[in-house]
Amino acid sequence: ETVCLQCGNRGLPEALVFCTECKAYALHRYCLKGPVIFTGDVTWFCEDCATKLGVPPSLDQSTPLPFETKESVVLKNNAIHATRKVEHCTERVKKRNKQQKKNIKKKQKKGIVNSDLVAKTKGVLSDSHSLPELEHPQFSQGVTNNDSGCVVLDGHVDAQPIIDPIWRGSMYFCDETIGTVSGLLVHLSNLACSKVVEETEHLPEVLHSELLPRSMVWPESFKSEGTTDKSIALFIFPDSEGAEKVFDALVDDIIDFELAIRVVAKNSELLIFPSIMLPIHYWRFEAKYYLWGVFRRKRTSD
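Mapping of the sequence shown onto full-length UniProt numbering: position 221 corresponds to residue 221, and the numbering continues sequentially without gaps.
Okay, structure coming up:
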């Protein structure tokens with residue numbers, strides 16, 4: 001059974017791209033460098049074949065065959081141009097993230113509530129009983145795509161973790177086989193609203209967590225509309241290489257057994273899911289699966 005040389009998993013078989021020369025080794029399209037191409041041919045050489053042919057071993061999806069056609073040269077130049085624009089966009093977004101985080105904290109200190117932002121929330125924590133499921137806004141003013149200097153591939157700015165973590169701590173599970181998972185970092189999504197910030201800042205250092213079947217807590221809005229990167233309120237990662245092994249094992253168990261994590265917060269429930277429940281473009285961060293969370297209004301019973 002062929003596995004990806006980059007991530008070491010079988011993943012989606014239809015996304016595997018075999019070495020153009022030997023056809024023996026493969027990488028997932030989404031593990032290759034460069035813009036992800038889900039249709040058409042992709043040129044890629046494994047390290048052995050690259051050495052034999054005298055070409056660089058790190059060819060990506062925007063690199064053409066040595067025998068270039070006029071069309072392939074145009075595609076390559078377009079891909080390079082787009083990559084530069086996205087890199088420029090990313091830098092602008094990072095700067096806006098830092099400024100937005102400062103603005104939110106200032107407003108919280110002054111007791112100011114952004115009513116326009118809350119109005120865009122799909123059932124905020126204190127609002128309508130007609131939308132009880134998802135307590136994270138699908139659209140917020142954390143970062144918008146109104147900046148004409150920022151080129152966005154899919155018509156919107158992708159969700160990304162804000163660099164500085166908003167919470168550090170551990171998860172404690174009653175299940176003795178798991179126990180305590182330490183060394184966790186929670187990063188706010190750049191698309192999250194102030195309600196998410198408020199709830200996260202109230203989280204204790206140790207989260208009393210329970211593993212449940214995913215179907216028991218999967219929000220109704222996700223069932224009917226599916227998930228997008230805007231579904232992410234929080235990104236959850238290990239804080240060091242030492243914590244990574246336990247974290248990865250927890251993520252694997254959650255994926256394999258179709259589980260989810262529920263944490264009862266001050267005014268809500270924090271529901272945590274694996275990244276494979278998002279569209280495929282967001283499955284991996286730095287080539288690894290991760291966890292993400294949303295807030296939901298507390299329920300008296302399930």
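The beta-carbon is built from N, C-alpha and C at its ideal position, and this holds for glycine as well.
Starting from the C-beta of residue 335, find all residues in its chain whose C-beta is less than 8 Å away, skip the five residues before and the five after it, and write them out in chain order. The structure shown has nothing for residue 335, since the chain only spans 1 to 302.
Once DSSP output is grouped into helix, strand and coil, what is the label at alanine 233? Coil at alanine 233, not helix or strand.
Go through its chain and collect everything with a Cβ distance to tyrosine 172's Cβ below 6 Å, but skip five positions before and after it. Thr180, Val206 and His208
With a threshold of 8 Å, are at least 3 pairs of Cβ atoms found where one atom belongs to the stretch 44-55 and the other to the stretch 20-33? yes
Sort Ile166, Ser189 and Thr43 by Cα distance to valine 157 and report the nearest one. Ser189
For tyrosine 282, the three-state DSSP class (helix, strand or coil): When DSSP states are grouped into helix, strand and coil, tyrosine 282 belongs to the helix group.
Would you mind sorting lysine 298 into buried or exposed? The rule is 16 or more other CB atoms within 10 Å of its CB. exposed
Spell out the partners DSSP gives methionine 171 in its beta bridges. Val181 and Leu207
So what's cysteine 31 in DSSP terms, helix, strand or just coil? helix
For cysteine 46, which residues in the same chain have their Cβ closer than 6 Å to its Cβ, ignoring the five residues on either side in sequence? Cys19 and Tyr25
Which residues in the same chain as tyrosine 282 place their Cβ atom closer than 7 Å to its Cβ, once the five residues preceding and following it in sequence are excluded? Asp229 and Ser275
Alpha carbon to alpha carbon, how far is tryptophan 218 from serine 231? Give it in angstroms, no decimals. 12 Å
Within 8 Å, strictly: CB atoms of valine 197 and tryptophan 167: no
For the beta strand (DSSP E) that phenylalanine 273 lies in, which residues bound it at each end? 268-274
Span of the beta strand (DSSP E), counted from its first residue to its last, around leucine 259: 259-264
Per DSSP, valine 217 forms a beta bridge with which residues? DSSP output for valine 217 lists no bridge partner at all.
Nearest-angstrom Cα distance between cysteine 31 and serine 182? In a straight line, the C-alpha of cysteine 31 is about 29 Å away from that of serine 182.
With the cut-off set at 8 Å, would you say histidine 28 and cysteine 4 are in Cβ contact? yes
8 Å is my cut-off, CB to CB: does valine 3 come that close to chain B? The question asks about chain B, but that chain is absent: this structure has only one protein chain.
Name, in chain order, the residues that DSSP records as bridge partners for leucine 12. DSSP output for leucine 12 lists no bridge partner at all.
Would glycine 293 and isoleucine 236 qualify as a contact pair, given that the criterion is a beta-carbon distance under 8 Å? Yes, the pair counts as a contact, with Cβ atoms nearer than the cut-off.
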